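Below is one structure, written out as structure tokens; comments come after it.
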Ligand code: FCB
């Protein structure tokens, strides 16, 4: 890469609570929908759960040392709502807040900036029992939780995101059933998506009402779509519809205050119920936008199963390595939405890593990182306002329905001993960041 990133560009690594913390029944934590789901037979690979995960709840200091050792500026992590409010309403759990206070202090002592996400999929089960995100009341419970977090930590954290990837919660959790709570009902999923967006708007309002200056935003997963045959009108339409459901369905209400017409037409009577005033609540100004990018979508009418060309290969998730999608997408959303400063809040790849003689050689991950950082640089040269990059993930962890079978980390985790070993890619990322600053 010829040109360097600016000195004040933020480098980081990311994780989420259920994927690393473990200690599912400690410190007064209440159950979440992921505890219920992962303990239901048949829902996850080998029936694996996040009960122990990376045992980060007990090993957070070692993990903070690991993060500091990478020479990054920032650490993105999430708060387990059921740890700080076991029932999702009512009493706060001080032992839960104590854990996050210790973690945040440990980060600050090392000069690391905390980038916090309030909701990375672990809804308190008590709220699910009352209808979860299908129930509009959950939006108000979320706004209360957000305000309480801001009240306590607004002065010590760098940014606060409301949701991580609401598309996943809505679609994978309520339409395909791959994720908790595991429903399979498209209309329900769209009602949930509306409630997630509404809860985001209400949370921005409740946090800003405290007069805090802490930047607030949201993290969206963007999988830009491509027609297999750009000459085919049918392929273009398929790609356009998927762009509508995964990208514009979230971006349009946030930035323009309306759902996209083509998706509403596709949904017909499956479209969500929207109360008067909801769209204005959703359309709050953002201080930043978080974009998670892993791969692209590839669409053919004639052959729905068509594999993407994958000239640069596939990851262990079966996701095509397609860095140019990141560059093109960032330029496109800059043009279409005039967004606030953007952070790449997740980008990374799983590969079947193995420890050999105490080392993990993962050249494919280094290649993934290098090419995506090049794409990022290119998007910035073309005018996209990108302020930071967070690799997913700091360490191998619990990959949801895939259990422990997918390794995304810069750090290898031996789950039997909980020993952490920095992979070759971790060394590469550390050296890359050092070069940017030299
Ligand atoms: C994202 C999730 C994150 C992790 C990565 C691989 O969709 O936000 O928790 O599972 O994918």
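Residue numbers (our numbering): 707 to 1144.
By construction, the Cβ of each residue, glycine as well, lies at the ideal position given by its N, Cα and C atoms.
Just so you know, these numbers come straight off a predicted model, no measurement behind them.
- Looking from the CA of residue 918, the closest CA among 910, 903 and 1084 belongs to 910.
- Three or more beta-carbon pairs separated by less than 8 Å are not found between the region 1078-1092 and the region 746-763, which leaves the two stretches without contact.
- DSSP, reduced to helix, strand and coil, places residue 738 within a strand of the structure shown.
- With a cut-off of 8 Å on Cβ pairs, the region 923-938 is in contact with the region 1003-1012, counting three or more such pairs.
- Between the C-alpha atoms of residue 1139 and residue 1059 there is a straight-line separation of about 23 Å.
- DSSP lists 998 as the beta-bridge partner residues of residue 927.
- For residue 1107, the CB stays at least 7 Å from every heavy atom of the ligand FCB.
- With respect to the 8 Å criterion, residue 720 and residue 782 are classified as neighbours on the basis of their beta carbons.
- Nearest in C-alpha terms to residue 1131, of all of 991, 813 and 1057, is 1057.
- Around the beta carbon of residue 731, a 10 Å sphere encloses fewer than 16 other beta carbons of the protein chains shown; the residue is thus reported as exposed.
- Non-local C-beta neighbours of residue 1124 in its own chain, meaning closer than 6 Å and more than five positions away in sequence, comprise 761, ordered along the chain.
- Closer than 7 Å to some heavy atom of the ligand FCB: that does not describe the Cβ of residue 1053.
- DSSP places residue 750 in no beta strand (DSSP E); its state is neither H nor E.
- Looking only at 1055, 1021, 1033 and 944, the smallest Cα-Cα distance to residue 1048 is reached by 1033.
- When DSSP states are grouped into helix, strand and coil, residue 819 belongs to the strand group.
- Annotation: residue 871 to residue 877 spans about 10 Å, alpha carbon to alpha carbon.
- In this chain, the alpha helix (DSSP H) harbouring residue 901 covers 892-914.
- In the DSSP assignment, the residues bridged to residue 1026 are 1020.
- Nearest to residue 1114 by alpha-carbon distance, out of 1035, 873, 1089 and 1021, is 1021.
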